[in-house]
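For reference, the structure is listed below as structure tokens.
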Amino acid sequence: MVIIGAGLAGTAAKNYFSNRGVTTLDSRNSESGWSHKALMRIRDPSLGNYLGCKLRKIKAYKCIYYEGKIYDTYQHNLSNMYSMKVSGSITNRSIDNLGWEERYLMEGEMSSEGISFNKKVISIKDNKVICDDNSEYHYDEIINTMPLPDIAKACGIKTEGIFEKKSKIIIIKIIPLLIESDVNQTVYFPSLSYGLYRATLQGNKIIAEIIPDEIGLGDHWPSFSKDLFKVFGLYYSKLYDKNNITTYYQTNGKIMPINNEYRKYLILELTERFGIYSLGRYATWRNITSEDILPDLEKISQLMEMGKYGRKYYGKITNGGNR
Ligand SMILES: Cc1cc2nc3c(=O)[nH]c(=O)nc-3n(C[C@H](O)[C@H](O)[C@H](O)COP(=O)(O)OP(=O)(O)OC[C@H]3O[C@@H](n4cnc5c(N)ncnc54)[C@H](O)[C@@H]3O)c2cc1C
């Protein structure tokens with residue numbers, strides 16, 4: 025079995041199927057670490073068994089800041105504004121659950137054992153996965169976590185015009201505090217007047233997540249920096265280290281939705297024609313979170329066992345599967 029991608033979903037798949045002779049390929053280099061630099065809180069602690077790192081239980085507080093006011097109960101107008109800001113559509117998002125929540129933080133890096141780095145998959149044909157360094161891997165089954173438009177292209181499936189907007193790039197700013205802190209507080213910013221959409225005071229740093237202005241990739245820093253520090257009560261600039269702010273550009277950010285029937289068709293086509301099972305946010309092109317990974321791995325495991333004819337029947341009764 026070949027697993028493409030070793031982020032959250034790929035690492036979980038590698039460990040879930042560890043008894044099946046797995047080859048795991050990832051395009052990033054081994055030093056760069058996981059590409060996800062934004063906030064990562066996990067709901068389902070059992071996922072920790074498959075990530076190869078410890079999870080620490082925390083209590084997180086979540087609220088909304090809008091035009092000088094804090095809200096900690098559900099407000100549908102602010103939820104809708106937030107959803108449109110981050111995804112261009114109105115759907116249920118994490119802003120809908122406010123107040124105190126129990127979550128888990130990953131401590132340290134996920135296990136990278138057995139991962140082949142610097143392996144960018146560019147083509148899949150004749151039961152072979154081909155990488156940009158010309159290496160080839162024969163496969164019986166693939167679990168894919170690379171983005172759906174990219175795997176479709178690698179398989180030679182034409183998707184012109186479908187993924188025009190792809191996913192929204194996100195700017196992440198990590199701002200160190202100069203005082204001790206051990207809280208976990210998240211604030212949502214639905215305001216459409218700047219790109220900051222969520223900020224988290226986690227331990228002694230602030231993680232600010234920003235949708236950039238699309239043309240210049242600017243991050244609107246001056247327009248939101250006052251609100252950002254004010255919501256956490258950090259009125260004095262001596263409390264945070266403005267000379268050591270780290271900025272990351274996360275190219276795979278929020279998913280821009282495509283027609284759901286076409287999305288399901290593509291995923292099924294990959295399975296039926298190429299033996300590729302799609303797992304994770306970008307491969308299934310749904311704004312899912314880590315809690316969907318284990319149930320989806322179980323479904324994939326069942327589908328693999330069913331074989332092609334069993335899957336066809338299953339596909340009919342579920343109208344293409346609900347993934
Ligand atoms: C800003 C933000 C915050 C989020 N916060 C949370 C949160 O708090 N809690 C939560 O549960 N979920 C969160 N999510 C959702 C989701 O859980 C994460 O996005 C998660 O990182 C998705 O994992 P993944 O493995 O599907 O994708 P990724 O982590 O992106 O992994 C995909 C891997 O595939 C590799 N790859 C890509 N193309 C190729 C190729 N051609 N060949 C080989 N390898 C390739 C990449 O290098 C990467 O390592 C968040 C998402 C975003 C965008």
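In case it helps, this note's numbering puts the sequence shown at residues 25 to 347.
Quick reminder that beta carbons are idealized off the backbone N, C-alpha and C, glycines included.
Residue i beta carbon near ligand 1 (any heavy atom closer than 7 Å)
i, result
"Met-170", "yes"
"Asp-120", "no"
"Ser-51", "yes"
"Leu-32", "yes"
"Lys-278", "yes"
"Lys-152", "no"
Burial state of residue i, where buried means 16 or more other Cβ atoms lie within 10 Å
i, result
"Asn-311", "buried"
"Thr-48", "buried"
"Ala-223", "buried"
"Pro-214", "buried"
"Pro-171", "buried"
Opening and closing residue of the beta strand (DSSP E) in which residue i lies
i, result
"Ser-103", "Premise fails: Ser-103 lies in the alpha helix (DSSP H), 100-111, not in any beta strand (DSSP E)."
"Thr-115", "Thr-115 -> no beta strand (DSSP E), and no H or E assigned at all."
"Val-145", "145-149"
Cut-off 6 Å between Cβ atoms - residues of its own chain near residue i, not counting five sequence neighbours on either side
i, result
"Asn-268", "Pro-200"
"Asn-343", "Confidence in Asn-343 is poor, its pLDDT being 38 and thus under 50, which makes the residue's placement unreliable; the coordinate value appears in the next sentence. Excluding sequence neighbours, Asn-343 sits near nothing in its chain."
"Lys-197", "Ala-232, Ile-269, Thr-271"
"Gln-209", "Tyr-85, Leu-225"
"Leu-294", "Ile-300"
"Gly-72", "Leu-79"
"Arg-305", "Ile-312"
"Lys-143", "Leu-49, Cys-155"
Host alpha helix (DSSP H) of residue i (start-end)
i, result
"Trp-245", "245-255"
"Tyr-286", "284-298"
"Arg-305", "305-308"
"Thr-35", "32-40"
"Ala-178", "172-178"
Cut-off 8 Å between Cβ atoms - residues of its own chain near residue i, not counting five sequence neighbours on either side
i, result
"Ser-42", "none"
"Cys-77", "Met-130, Glu-131, Gly-132, Glu-133, Met-134, Ser-135"
"Ile-186", "Pro-173, Ile-282, Asn-283, Tyr-286"
Close beta carbons around residue i, own chain, < 7 Å, minus the five adjacent residues each side
i, result
"Arg-44", "Met-25"
"Ile-195", "Ile-234, Pro-236, Asp-243, Thr-271, Tyr-273"
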